[in-house]
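Only one structure is covered here, and it is reproduced in the block below.
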């Protein structure tokens, strides 16, 4: 469950390390976003491992939530939680900004973000 002001890890190779949520698009009445929700984020820190990052500190991008701390219930009765909140940054066309995703992605991304699923090492 991500609300405005939440901090998230970036799990692609765009160069950003941490971001802060500024807005949640298509917000539910409760005002939070879950896995698969599109959000507006601001880059707070960069990864020192990336030599030529594609992003700058303070710049704003759209992102897709891929992992949340709060367990999410699935239709089959199972629940899935992760150790951190994570997202993947999007470019202007709506595709992933990076060329690699460093964590597994949930099947909740299957409808709108198939490119992220294909870049992820595993689908859960």
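Numbering (our numbering), first residue to last: 6 to 129.
For each residue, glycine too, the CB sits at the ideal point set by N, CA and C.
Nearest candidate by alpha-carbon position, reference residue i, set the options
i, options, result
"residue 44", "52, 35, 27, 56", "27"
"residue 105", "99, 118, 123, 88", "123"
"residue 100", "80, 6, 87, 66", "66"
"residue 10", "48, 40, 41, 31", "48"
"residue 35", "82, 88, 7", "7"
Assigned exposure category for residue i - 16 Cβ within 10 Å defines buried
i, result
"residue 29", "buried"
"residue 19", "buried"
DSSP-derived helix/strand/coil call for residue i
i, result
"residue 28", "strand"
"residue 75", "coil"
"residue 123", "helix"
"residue 114", "helix"
"residue 109", "coil"
"residue 60", "coil"
Whole-angstrom C-beta distance between residue j and residue i, which should lie under 8 Å
i, j, result
"residue 50", "residue 22", "5 Å"
State whether the segment 102-121 contacts the segment 65-79, with contact taken as three or more CB pairs (one from each stretch) at a distance under 8 Å. yes
Given 8 Å, three or more beta-carbon pairs between the segment 12-20 and the segment 45-62: yes
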